Amino acid sequence: MGTLFPVAAVLAALVVGAVMLLLLGASPGEGFAAMIDGAFGGPRELADTVNKAVPLLLVGVGITIAFRANVINIGGEGQIVLGALTATALALALPDWPAVVLLPLGLAAGLVGGAVWGAVPGALKAYFGVNEILSTIMLNIVAVQGMNYLLRGPMIDPAEIESGSRIPQTMRLPPATDLPVLVPDTRLNLGAVIAVVAAVVVYVFLWRTTYGYRIRAVGLNPFASRYAGIDVKRSTVVALTLSGALCGLAGAILVFGSESHRMVTDGSTTGFTGSAGFNGIVAALFGGLHPIGTIPASFLFGALLVGANRLQRVTQVPSALVIALNGLVVVFVVSSAIWKRRLEQRAQLEAVQTGDQAAQTSLPGDVAPAAADPPGRDSGTDDG
Amino acid sequence: MAETLPGTGGRGHGLDLAMRGIVKRFPGVLANDHVDFDVRRGEIHTLLGENGAGKSTLMKILYGLYRPDAGEIRIDGEPVQIDSPRRAIELGIGMIHQHFMLVPTLTVAENVALGLASPKGPLLDLAPVARRIEELSEAYGLRVDPGAMVWQLSVGEQQRVEIIKALYRDAELLALDEPTAVLTPQEVEDLFVTLRAMAAEGHSLIFISHKLHEVLDISDRITVLRNGRLVGTVSSADATKAGLARMMVGREVVLEQVRAPVEVGPPRLEIFDVRARGDRGTEAVRGVSLQVRAGEILAIAGVSGNGQRELAEVVAGLREATGGRVLIDGSDVTGADPGQRRALGLAYIPEERMRDGAIGQFTVAENLMLHDFDRPPFARHGFLDFAEIERHCRRLVADFDVKTPSLDTTMKSLSGGNIQKAILARELSANPKVLVASQPTRGVDIGATEYIHRRLLDQRARGTATLLISEDLDEILALADRIAVMYEGEVMDVVDRADADVGRLGLLMAGVRDSGT
Ligand SMILES: Nc1ncnc2c1ncn2[C@@H]1O[C@H](COP(=O)(O)OP(=O)(O)O)[C@@H](O)[C@H]1O
Ligand SMILES: [Mg+2]
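These protein sequence lines map, in sequence, to chains A and S. If you count the first sequence from 1, you need to add 4 to reach my numbering. If you count the second sequence from 1, you need to add 55 to reach my numbering.
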């Protein structure tokens, strides 16, 4: 039953979307046909969908590592920006290096930049108890403002100053950093392969290595982990660092795989990332917080985003509708996750059936009607 | 609601109950399978069975919390439909649940009056309630102050309030679901005095427990359930512990393990003047000194909450000592982390096993590997070697008789007894020098308890120094070589098993030091 929830969430979002299209005087049938055509209509459309999915997948897989350690990383946006900045700076600094060296080095720089932006909130949480949701959101703002400053000033393309147009963008990066195109006449590039490999690597990491075991153990039960001799704080930092690294890699790929082969911003908070740092979280939830499940989930979201562009062009609905539709899917997916939890809790609650008089007592916590229960009485007994 | 304030104890005492062919099905379980059960006027009738046998289910049916799928309930010969607790109360049935149903922020009198209509309308006049409570306390030996706030009361006192609440509602048949699980030996004695007084007045009583000596002590008749089915009803006078255990488990059970004499070796665990704070910041362990030698089981007896748990956590390295020293096998480990202590030969069976001892959503195999997952041969260069892990876990599961569908089953889906056996397997597989076992059989069924006791005695024979913390005096008397009683964070006394008797231990547990000797 669990796997049906995300599907139902998407269907629900589409139904609401259809109603909104009707209200705007457009035909839902025509609209959805345009979406499907835009996302899957031909090799080029498919390639665009995949390219859109790549950063979602990398972010989603990164988020999965953090969530598995019970750390909520909302900092994908900032980590993408940092990764993109470090990768760009490295590429600009070494313009004459050959592709075999510069491309991997540039991607690695992206990893490092994102990792630093993940390690900071990780350390703040582990050693100073700073809530990671707050700190990652703050660091998003810092990263975006830093980017806007750098792209308008120190890193701006000198040609923009000469021409006086002053668009906040860097020079074209050395061609050595262009991600090779995989299928001629499309924009499908090496980024897709990197992202899928990353997802598989993270799967192996989480379930086949001692490091992954530690991260999952700490996420599920820090008490037992501590007793088992696992350094809980360090695992928290490691998880957020790796999470940030994958987001940073997404940033590097966004730049190296872009059409203009440079880093560009429009000055808005999500202008560079296209909200991949947030949409990736949804893809991860949608994929069941499993790296492999996140692959199709990201593809689906990529399709939704690309298809929505076509929808807008064909039906001439305001672009706000597309954003709203996207938001709807997010809301439905997240609430389906909550629903699922609720249902599970209710099942548990029924298992400890309390009955009529229980209305007099409040139920502390999720399950135990333990108003008069001394502490520690309810651990792992058969009885309830 | 029919009653008005204050309750008057109107009709005559006692009723005859007959439950016939009761069937209750839950998804996947037949909790009651054609159960017949009856209680006579003035009788104390015990319902006995392992965890999950269906005792609570039968009682919830009687109290109108569950509807039976089949079967009939008769009271004084008349068939009745009990579709709600309200109806059960009208019929004169009272129930003391395993979890109390009191409002902590109200007084005793307010709790007793709660839910009853007041003759003065919405304004509650508690004076007559308090008077009646005092009458009832007097008549049945239920000491409690009507004006006290419930949150201030001990567990035993709260239970007395529940009983008073039922009597106030004119209960003629009272069912108590595992009432002694939360009581000290002295409180159990007090409760039994009350129950006998009620039975003498003609009340009908249903008592639920799985502590055999209590059952034999208090009951007139005993009905045994196993896997939802009625095994039989016997008169207490004809019953023996061994016979009842066999009825409960369905096979021969060794209740008292043989404690072969063991040569005691050098001290393995030494605790000097240890102090530690509890979770609320108050001093929970106040200068405890103990020594446990190789081949010895030292038990700590005491009512829960007197610092035993904190002491165990200090030894395990999960709680900081604010004073004193802890030595394992001669090495000072006072500041060491759990991993370092383990390396010196410590093993720990934690009281809160699902919190400190296991990861519920991890598989059985992952839990068995919790300490060794990153050591060869189970891991090489950071990669887990699943073939080795599986081989090792298969052996542990077989050796320690852990009943699990597979190694990939999540830990939380096992029964309490099997979870505990899995933890035991992990902790004992390294043949520890020092073992700290906190409440190792709490909530565990008789079969698993028997097994765990045998394992602890095996370890003793192999030279492990065991610190056993238990609230179950039977367990302590069955296993321990020496017994330390803790009260309010201090050790009251340490007595040899040979010199120990329940009465003396009970007094020490209540904080009364010997004056006679
Ligand atoms: N509300 C419920 N939903 C599903 N199963 C239940 C419920 N209550 C009890 N059971 C199951 O019925 C069986 C009998 O439980 P219970 O009557 O609580 O046993 P006992 O009180 O003898 O320990 C157990 O297998 C238990 O898991
Ligand atoms: Mg029960």
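Positions of the beta carbon are idealized from the N, C-alpha and C atoms, including for glycine. Predicted, not measured: the structure shown is a model, and the values here were computed from it.
Give the DSSP-derived three-state secondary structure of glutamate 338 of chain S in the structure shown. The residue labelled residue 338 of chain S in the question sits at position 283 within the second sequence. Note: glutamate 338 of chain S maps to strand in three-state DSSP.
Leucine 522 of chain S, enclosing beta strand (DSSP E) - first and last residue: Your numbering for residue 522 of chain S matches position 467 in the second sequence. That run of the beta strand (DSSP E) goes 520-524.
Just the chain S side, please: which residues come within less than 8 angstroms of tyrosine 131 of chain A by C-beta, in chain order? What you label residue 131 of chain A is simply residue 127 of the first sequence in a count that begins at 1. Chain S residues near tyrosine 131 of chain A: none, gap ~16 angstroms exceeds 8 angstroms.
Hey, is the segment 292-301 of chain A in contact with the segment 114-130 of chain A, meaning 3+ C-beta pairs nearer than 8 angstroms? no
So, with DSSP's three-state summary, where would you put methionine 142 of chain A? Stepping through the first sequence from its first residue, residue 142 of chain A is reached at position 138. In the structure shown, methionine 142 of chain A sits in a helix (DSSP, three-state: H, G or I).
Valine 90 of chain S burial status per 10 Å Cβ neighbour count (16 or more: buried): For the purposes of this step, residue 90 of chain S is taken as residue 35 along the second sequence, with counting starting at 1. By the neighbour-count rule (16 or more Cβ atoms within 10 Å), valine 90 of chain S is buried.
Partners in chain A for glycine 412 of chain S, counting only beta-carbon separations shorter than 7 angstroms: As a working note, residue 412 of chain S is residue 357 in the second sequence. Within 7 angstroms Cβ-Cβ: Ala228.
Mind checking whether the beta-carbon of serine 111 of chain S lies closer than 7 angstroms to any heavy atom of ligand 2? Working through the second sequence from its first residue, we reach residue 111 of chain S at position 56. Checking every heavy atom of ligand 2 against the Cβ of serine 111 of chain S, one is found closer than 7 angstroms.
Which whole-angstrom value describes the C-beta separation of isoleucine 148 of chain S and leucine 228 of chain S, a residue pair presumed to lie in contact below a C-beta threshold of 8 angstroms? Taking the second sequence and counting its residues from 1, one reaches residue 148 of chain S at position 93. Taking the second sequence and counting its residues from 1, one reaches residue 228 of chain S at position 173. Isoleucine 148 of chain S to leucine 228 of chain S, Cβ: 5 angstroms. Contact.
Could you check whether the segment 77-95 of chain A touches the segment 109-126 of chain A, counting it as contact only if at least three pairs of C-beta atoms, one from each stretch, sit closer than 8 angstroms? These segments touch.
Would you report the Cα separation of leucine 562 of chain S and leucine 528 of chain S, rounded to the nearest angstrom? Taking the second sequence and counting its residues from 1, one reaches residue 562 of chain S at position 507. Taking the second sequence and counting its residues from 1, one reaches residue 528 of chain S at position 473. Approximately 13 angstroms, taken between the alpha carbons.
For glutamate 505 of chain S, three-class secondary structure by DSSP: For the purposes of this step, residue 505 of chain S is taken as residue 450 along the second sequence, with counting starting at 1. In this structure, glutamate 505 of chain S counts as helix in the three-state DSSP scheme.
Please go through the same chain and pick out, in chain order, the residues whose beta-carbon is closer than 8 angstroms to the beta-carbon of valine 557 of chain S, but skip the five residues on each side of it. Mapped onto the second sequence, residue 557 of chain S falls at position 502. So the qualifying residues of the chain are Pro240, Leu528, Leu532.
Using alpha carbons as the reference points, say which of S/Leu280, S/Asn166, S/Glu421, S/Leu117 lies closest to serine 139 of chain S. Within the second sequence, the letter at position 84 stands for residue 139 of chain S. Nearest C-alpha to serine 139 of chain S: S/Leu117.
Ignore the nearest five residues each way along the sequence and tell me which others in alanine 143 of chain S's own chain have a CB closer than 6 angstroms to its CB. For the purposes of this step, residue 143 of chain S is identified with residue 88 of the second sequence, where counting begins at 1. Residues of the same chain with a CB within less than 6 angstroms of the CB of alanine 143 of chain S, apart from the 5 flanking positions on each side, are Tyr118, Gly119, Ile137 in chain order.
By a C-beta neighbour count over all protein chains shown, 10 Å radius and 16 as the cutoff for buried, is threonine 160 of chain S buried or exposed? Start at 1 with the first residue of the second sequence, and residue 160 of chain S comes out as number 105. Threonine 160 of chain S comes out exposed.
Helix, strand or coil: how does DSSP classify leucine 183 of chain A here? Sequence index remark: in the first sequence, residue 183 of chain A carries index 179 (1-based). Residue state, collapsed to three classes: coil.
One or two residues paired with serine 290 of chain S in a DSSP bridge: Taking the first residue of the second sequence as 1, we reach residue 290 of chain S at position 235. DSSP, once it has assigned bridges, lists S/Arg276 as partnering serine 290 of chain S.
Under 8 angstroms from the C-beta of tyrosine 207 of chain A: neighbouring residues of chain S: Here the question's residue 207 of chain A lines up with position 203 in the first sequence. Contact note: tyrosine 207 of chain A does not reach chain S at a C-beta cutoff of 8 angstroms; the least C-beta distance is about 13 angstroms.
Beta strand (DSSP E) segment containing leucine 102 of chain S, residue limits: Locating residue 102 of chain S in the second sequence gives position 47, counting from the first residue. 99-103 is the span of the beta strand (DSSP E), which, as asked, contains leucine 102 of chain S.
Say yes only if the C-beta of glutamate 233 of chain S is nearer than 7 angstroms to one or more non-hydrogen atoms of ligand 2, and no if none qualify. Counting from 1 along the second sequence, the entry for residue 233 of chain S is found at position 178. Yes, Cβ of glutamate 233 of chain S sits closer than 7 angstroms to a heavy atom of ligand 2.
For the segment 185-196 of chain A, list every residue whose C-beta sits within 9 angstroms of some C-beta in chain S, in sequence order. Cβ proximity to chain S below 9 angstroms picks out nothing from the segment 185-196 of chain A.
At a cut-off of 7 angstroms, is glutamine 153 of chain S close to ligand 2 when judged by its beta-carbon and the heavy atoms of the ligand? The residue labelled residue 153 of chain S in the question sits at position 98 within the second sequence. Within the cutoff, so yes.
Take every Cβ of the segment 57-69 of chain A, pair it with every Cβ of the segment 273-291 of chain A, and state whether three or more of those distances are shorter than 8 angstroms. yes
Rounded C-alpha distance that separates glutamate 72 of chain S from glutamine 395 of chain S: Taking the second sequence and counting its residues from 1, the one referred to as residue 72 of chain S is at position 17. Taking the second sequence and counting its residues from 1, the one referred to as residue 395 of chain S is at position 340. Rather than glutamate, the amino acid found at residue 72 of chain S in this sequence is leucine. Each residue's Cα considered, the two are about 60 angstroms apart.
Taking one C-beta from the segment 37-53 of chain A and one from the segment 301-317 of chain A each time, how about it: are there three or more such pairs within less than 8 angstroms? yes
For a contact defined as C-beta to C-beta under 9 angstroms, what are the partners of asparagine 225 of chain A on chain S? Taking the first residue of the first sequence as position 1, residue 225 of chain A is located at position 221. Residues of chain S whose Cβ lies closer than 9 angstroms to the Cβ of asparagine 225 of chain A are, in chain order, Met409, Arg410, Asp411, Ala413, Ile414, Gly415, Gln416, Phe417.
Which value, in whole angstroms, describes the spacing of the CA atoms of phenylalanine 71 of chain A and arginine 568 of chain S? Mapped onto the first sequence, residue 71 of chain A falls at position 67. Mapped onto the second sequence, residue 568 of chain S falls at position 513. Roughly 54 angstroms separates the two Cα atoms.
Assess, as a yes-or-no matter, whether the segment 401-416 of chain S is touched by the segment 436-454 of chain S under the definition of 3 or more beta carbon pairs within less than 8 angstroms. no
Test: glycine 233 of chain A CB closer than 8 angstroms to a CB of chain S: In the first sequence, residue 233 of chain A corresponds to position 229, counting from 1. Taking Cβ atoms only, chain S reaches closer than 8 angstroms to glycine 233 of chain A, which makes this a yes.
In chain order, what residues of the segment 435-461 of chain S put their CB closer than 7 angstroms to some CB of chain A? Answer in chain order: Gly437, Phe438, Leu439.
My output table needs one value for isoleucine 261 of chain S: the three-state DSSP class, helix, strand or coil. Stepping through the second sequence from its first residue, residue 261 of chain S is reached at position 206. In the structure shown, isoleucine 261 of chain S falls within a strand segment according to DSSP collapsed to helix, strand and coil.
When the cut-off is 8 angstroms and only beta carbons count, does aspartate 360 of chain A lie next to chain S? Taking the first residue of the first sequence as 1, we reach residue 360 of chain A at position 356. At aspartate 360 of chain A the pLDDT is 32, less than 50, meaning the model places this residue with poor confidence; the figure from the coordinates comes in the next sentence. So, interface residue.
Quick one: is the Cβ of valine 84 of chain S within less than 7 angstroms of any heavy atom of ligand 1? Residue numbering aside, residue 84 of chain S sits at position 29 when the second sequence is read from its first letter. Yes; taking the cut-off as 7 angstroms, the Cβ of valine 84 of chain S has a heavy atom of ligand 1 nearer than that.
Just to confirm, is the Cβ distance from histidine 100 of chain S to threonine 278 of chain S under 8 angstroms? Position 45 of the second sequence holds residue 100 of chain S. Position 223 of the second sequence holds residue 278 of chain S. A contact, by the Cβ cut-off of 8 angstroms.
I'd like to know whether the C-beta of tyrosine 215 of chain A is nearer than 8 angstroms to at least one C-beta of chain S. In the first sequence, residue 215 of chain A corresponds to position 211, counting from 1. It does; some Cβ of chain S falls within 8 angstroms.
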